[in-house]
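Residue numbers (full-length UniProt numbering): 1 to 525.
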């Protein structure tokens with residue numbers, strides 16, 4: 001692996017960097033990128049072996065008097081599976097400006113600079129933001145798309161200072177302009193309507209502000225066949241204390257350092273945490289109300305959740321359960337004895353699952369489908385300076401194709417994702433060595449806060465202008481089905497990525513099938 005402090009591959013060319021458009025795609029650079037891409041945190045295909053990298057298109061970006069920046073769209077093929085497109089701007093800079101993956105290559109004829117990921121060069125962020133101002137002078141290969149909020153957001157652009165790339169994201173790279181604007185640059189590009197932009201633009205037109213960052217617009221490029229590719233999304237910056245996961249995890253750690261509270265405490269976790277979780281439930285309902293507000297919009301109008309939807313949901317659960325059981329059997333021998341025992345207990349619960357699915361299928365009709373977040377968890381929520389909740393990243397479940405992510409679903413799908421996130425949070429707060437009293441307190445905390453979130457969400461939904469839920473029994477049946485589906489998805493994910501974590505979703509699914517709620521505590525009824 002090549003990175004800082006190691007020998008860089010040489011990109012030997014008699015041509016100047018300014019002429020990259022003519023020589024870059026046919027040079028040795030694609031072969032160099034074949035080795036470079038797996039080092040990038042945002043590269044989502046690390047488990048697959050790259051066959052070929054091809055520079056599909058190069059879009060020159062005006063960066064003033066700085067060394068030229070070229071926006072490259074890469075076509076990456078693999079020995080197995082479908083090809084992907086990735087977005088990698090390239091420029092010349094110092095090694096210190098090359099980002100976490102290090103420099104890409106060195107050009108012998110260029111002194112004091114290397115080829116770098118240009119999103120970490122300040123001139124690139126400024127050049128991309130300028131495209132929103134450029135009017136008819138913009139390059140035809142990149143088209144800005146705007147919402148009604150764009151003029152106000154652009155007016156807040158800082159007059160001085162450079163944009164800063166910041167981390168924390170697995171699949172994108174965001175550029176922060178002062179404390180007012182964020183330009184989220186997508187790395188894995190997909191053709192078609194981008195859900196992040198689509199939902200942000202829809203909510204930007206609502207009379208009541210939605211609990212999301214204001215969306216100003218996006219930068220769109222095109223494939224050689226003319227299909228759209230959203231390469232960046234412009235949003236307003238929201239002052240915050242961090243995401244919901246960090247906020248609650250820090251709160252639990254603080255409680256443990258102070259000493260484990262009495263088990264019979266009526267409000268485990270304290271007033272501030274409980275108040276924020278209640279706010280989170282209310283804001284989640286506000287989001288769903290906003291997404292279901294327009295009965296005439298073809299892409300957002302609520303539609304009934306039918307028997308066919310129930311059948312499709314149950315069939316998907318049964319299919320994934322069969323696949324998960326095969327994967328667990330294959331993975332089991334390499335796992336510690338404790339996890340092997342948990343897998344064995346789960347393997348004996350097929351009858352529980354079958355009876356649960358039959359019961360839920362019988363009761364679960366009713367309610368409505370809307371456009372949802374699709375991948376809701378505590379890491380997708382900002383805690384504002386005033387302890388409010390603001391939702392991020394409406395791209396949907398990453399493993400699904402874009403058309404699947406744009407499909408309507410019950411808002412209970414989002415609720416299930418958040419309840420499962422609470423369980424993961426508690427599992428992350430357990431000490432390596434057994435501490436029975438703390439674990440009992442955490443179980444009580446999980447039950448109390450899951451119920452608090454659910455009740456706040458349900459109250460707000462029931463009092464909202466848009467009626468999206470059915471009767472009590474089918475609502476709880478549907479929630480159970482979405483929780484089961486989410487647990488099975490998590491088991492499959494952990495097998496492929498973090499086998500040591502398999503016990504967390506297994507514990508949650510076993511608790512559901514035994515009627516103990518989404519994470520082993522009491523239910524949310």
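Glycine residues also receive a C-beta, built at the ideal position from the N, C-alpha and C atoms.
Bear in mind that the values here come from a model prediction, so they are computed numbers and not experimental data.
Whose C-alpha, out of 426, 202, 514 and 231, is nearest the C-alpha of residue 189?
231
If contact is defined by three or more beta carbon pairs under 8 Å, each pair taking one atom from either stretch, is the segment 487-501 in contact with the segment 437-455?
no
Are residue 153 and residue 216 closer than 8 Å when you measure CB to CB?
yes
Is the CB-CB distance between residue 415 and residue 457 below 8 Å?
yes
Beta-carbon separation of residue 278 and residue 420 under 8 Å?
With contacts defined by Cβ atoms closer than 8 Å, residue 278 and residue 420 do not form a contacting pair.
For residue 184, write down the residues that DSSP places opposite it in a beta bridge.
174 and 233
Could you check where the alpha helix (DSSP H) with residue 71 kicks off and where it finishes?
No alpha helix (DSSP H) contains residue 71, which is instead part of the beta strand (DSSP E) from 69-78.
Report the partner residues of residue 85 according to the DSSP bridge assignment.
75 and 189
Using only alpha-carbon positions, find the residue among 175, 195, 211 and 435 that is nearest to residue 161.
175
Can you have a look at residue 15 and say buried or exposed, based on whether 16 or more other CB atoms are within 10 angstroms of its CB?
Counting the other Cβ atoms within 10 Å of the Cβ of residue 15 gives fewer than 16, which makes it exposed.
Return the first residue and the last residue of the alpha helix (DSSP H) that residue 215 is part of.
Note, residue 215: premise wrong, no alpha helix (DSSP H); beta strand (DSSP E) at 215-222.
My assumption, with CB atoms under 8 Å, is that residue 343 sits in contact with residue 506. Please give the rounded CB distance.
7 Å
Restricting to Cα atoms, I'd like to know which of 247, 43 and 79 is closest to residue 388.
Nearest option by C-alpha distance: 247.
Are the CB atoms of residue 314 and residue 481 nearer to each other than 8 Å?
yes
Using 8 Å as the threshold, is the C-beta distance between residue 479 and residue 412 below it?
yes
Hey, out of 338, 308, 350 and 304, whose CA is closest to residue 324's CA?
Per the Cα distances, 350.
Within the chosen definition, does the segment 203-220 reach the segment 286-300 through at least 3 CB pairs nearer than 8 Å?
yes
Counting pairs of beta carbons, one from the segment 21-34 and one from the segment 48-58, are three or more of them closer than 8 Å?
Yes, they touch.
Can you tell me whether DSSP reads residue 315 as helix, strand or coil?
helix
Can you look up residue 245 in the DSSP assignment and give me helix, strand or coil?
In the displayed model, residue 245 falls within a helix according to three-state DSSP.
So is residue 289 buried or exposed if we call it buried at 16+ other beta carbons inside 10 Å?
buried
Do the segment 81-95 and the segment 177-193 touch if we need at least three Cβ pairs shorter than 8 Å?
yes
Where does residue 326 sit, in a helix, a strand or coil, going by DSSP?
Three-state result, residue 326: helix.
Could you give the residue range of the beta strand (DSSP E) that holds residue 382?
Segment 381-384, the beta strand (DSSP E) holding residue 382.
Determine the direct distance from the alpha carbon of residue 390 to that of residue 272, and round the result to whole angstroms.
17 Å
Assign residue 147 to one of two classes, buried (16 or more other C-beta atoms within 10 Å of its C-beta) or exposed (fewer than that).
buried
CB-CB under 8 Å to residue 264, same chain, minus the five flanking residues each way: which ones, in chain order?
Confidence at residue 264 is low in this model, with a pLDDT of 48, below 50, so its placement is unreliable and no value can be given for it.
Using DSSP with H/G/I as helix, E/B as strand and the rest coil, what is residue 60?
strand
Kindly provide the ranges of any beta strand (DSSP E) runs that are 3 or more residues long and lie completely inside the segment 348-433, ordered along the chain.
Listed in chain order, the complete beta strand (DSSP E) runs (minimum 3 residues) inside the segment 348-433 are 381-384 and 389-391.
Classify residue 166 as helix, strand or coil using the three-state DSSP reduction.
strand
Among residues of its own chain, excluding the 5 on either side of residue 460, which ones have a beta-carbon nearer than 6 Å to its beta-carbon?
282 and 285
Out of curiosity, what's the CA-to-CA distance linking residue 116 and residue 98?
5 Å
Is the beta carbon of residue 17 less than 8 Å from the beta carbon of residue 114?
No; because the gap between Cβ atoms is not below 8 Å, this pair is not in contact.
Tell me, to the nearest whole angstrom, how far the beta carbon of residue 320 is from that of residue 488; I am working on the premise that it is less than 8 Å.
Contact holds; Cβ gap of about 5 Å.
Between the Cα of residue 370 and those of 36, 195, 385 and 300, spot the shortest distance and give me the residue it belongs to.
Considering only 36, 195, 385 and 300, the residue with the shortest C-alpha distance to residue 370 is 300.
Count the other C-beta atoms from every protein chain shown that fall within 10 angstroms of the C-beta of residue 385, then say buried if there are 16 or more, exposed otherwise.
exposed
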